[in-house]
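K.L.:
Residue numbers (our numbering), protein chains in the order written: chain L, 1 to 112; chain Y, 1 to 112. Even for Gly, the Cβ is constructed at its ideal location relative to N, Cα and C. Okay, here's the structure, questions in a sec.
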Amino acid sequence: SQQGEEDPQALSIQEGENATMNCSYKTSINNLQWYRQNSGRGLVHLILIRSNEREKHSGRLRVTLDTSKKSSSLLITASRAADTASYFCATDDGGSARQLTFGSGTQLTVLP
Amino acid sequence: DGGITQSPKYLFRKEGQNVTLSCEQNLNHDAMYWYRQDPGQGLRLIYYSQIVNDFQKGDIAEGYSVSREKKESFPLTVTSAQKNPTAFYLCASRQGGGNEQFFGPGTRLTVL
Chain L
1 SQQGEEDPQA LSIQEGENAT MNCSYKTSIN NLQWYRQNSG RGLVHLILIR
51 SNEREKHSGR LRVTLDTSKK SSSLLITASR AADTASYFCA TDDGGSARQL
101 TFGSGTQLTV LP
Chain Y
1 DGGITQSPKY LFRKEGQNVT LSCEQNLNHD AMYWYRQDPG QGLRLIYYSQ
51 IVNDFQKGDI AEGYSVSREK KESFPLTVTS AQKNPTAFYL CASRQGGGNE
101 QFFGPGTRLT VL
């Protein structure tokens, strides 16, 4: 099965700055989702973008999707120390089982 | 409170022993999933179940077994055949027809 790649693996920024994370995948998708994981915890769903969408916003989050390049980006604006976490993209190929294939994640550290 | 619970939070076992990880959800979700996460990596799918009394192997099912006798419960057994079982195990569920997966808090298994 496909395995997404995320870039960068780690990102450290100052509070108030914007953070951009990128995700690439290998096969066609039905949708792409972003999840957040605080250290040692479960994942929390952030946002979903469908294959026929190019951009989506939710609060301070902006997601883009380029299916021709098989890539997506997650932008967090005006970051806060509480945004410190790992961020994962996950692709859904639309199969009956609705399996998600996760990327390797970006560890974001927001310094106060 | 609605959600997914996993127990125990930490689990230690000796080599050669089987161990069962619990996952319970009261969200009335049809589908449930088990993932394994190794340090600094993304999630890999072990098993999933779309309905009661039915389950399918994921990408890394060898050395694991599951059951789905009740809609709300999806226990995972890590058998002695699993060569490298030390990892963080995450359970998730999804509503039929939905896209988002809801995750439990995870169980950290350490083999001594």
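Of the choices L/Arg80, L/Leu43, L/Cys23 and L/Ala85, whose alpha-carbon is the least far from that of leucine 74 of chain L?
P.N.:
Out of L/Arg80, L/Leu43, L/Cys23 and L/Ala85, L/Cys23 has the C-alpha closest to the C-alpha of leucine 74 of chain L.
K.L.:
Between which residues of its own chain and serine 39 of chain L is the CB-CB distance below 8 Å, once the five residues before and five after are set aside?
P.N.:
Only Ala85 and Ser86 meet the Cβ criterion.
K.L.:
Does the region 29-36 of chain L touch the region 48-63 of chain L, meaning 3 or more C-beta pairs lie closer than 8 Å?
P.N.:
Because the criterion of three Cβ pairs below 8 Å is met, the region 48-63 of chain L and the region 29-36 of chain L touch.
K.L.:
Among Y/His29, Y/Lys14 and Y/Thr77, which has the Cα closest to the Cα of serine 93 of chain Y?
P.N.:
Out of Y/His29, Y/Lys14 and Y/Thr77, Y/His29 has the C-alpha closest to the C-alpha of serine 93 of chain Y.
K.L.:
Excluding the 5 residues flanking valine 63 of chain L on each side, which residues of the same chain have their C-beta closer than 6 Å to its C-beta?
P.N.:
Counting only Cβ-Cβ distances below 6 Å, and skipping sequence neighbours, we find Ile47, Ile49, Lys56 and Leu74.
K.L.:
Please go through the same chain and pick out, in chain order, the residues whose beta-carbon is closer than 7 Å to the beta-carbon of proline 112 of chain L, but skip the five residues on each side of it.
P.N.:
So the list reads Glu15 and Ala81, once near-sequence residues are dropped.
K.L.:
Any beta carbon of chain L sitting closer than 9 Å to that of tyrosine 64 of chain Y?
P.N.:
Chain L contact via Cβ: absent.
K.L.:
I want to verify the contact list: residues of chain L whose CB lies under 9 Å from the CB of alanine 31 of chain Y, in sequence order.
P.N.:
By Cβ distance, chain L contributes Ala97 and Arg98.
K.L.:
Who are the neighbours of serine 104 of chain L on chain Y, taking C-beta pairs under 9 Å?
P.N.:
Under the 9 Å cutoff, chain Y gives Gly40, Gln41 and Gly42.
K.L.:
Can you have a look at serine 12 of chain L and say buried or exposed, based on whether 16 or more other CB atoms are within 10 angstroms of its CB?
P.N.:
The residue in question, serine 12 of chain L, is exposed, as its Cβ has fewer than 16 Cβ neighbours within 10 Å.
K.L.:
Under 8 Å from any heavy atom of the ligand HEM, does the C-beta of glycine 106 of chain Y make it?
P.N.:
Inclusion of the ligand HEM in the displayed structure is not the case, the ligand content being empty and no account of it being possible.
K.L.:
Where does tyrosine 10 of chain Y land, buried or exposed, given buried means 16+ other C-beta within 10 angstroms?
P.N.:
The residue in question, tyrosine 10 of chain Y, is exposed, as its Cβ has fewer than 16 Cβ neighbours within 10 Å.
K.L.:
Spatial neighbours of valine 66 of chain Y within its chain, please: CB distance less than 6 Å, with the 5 preceding and 5 following residues excluded, ordered by chain position.
P.N.:
Excluding sequence neighbours, valine 66 of chain Y sits near Tyr47, Phe55 and Leu76.
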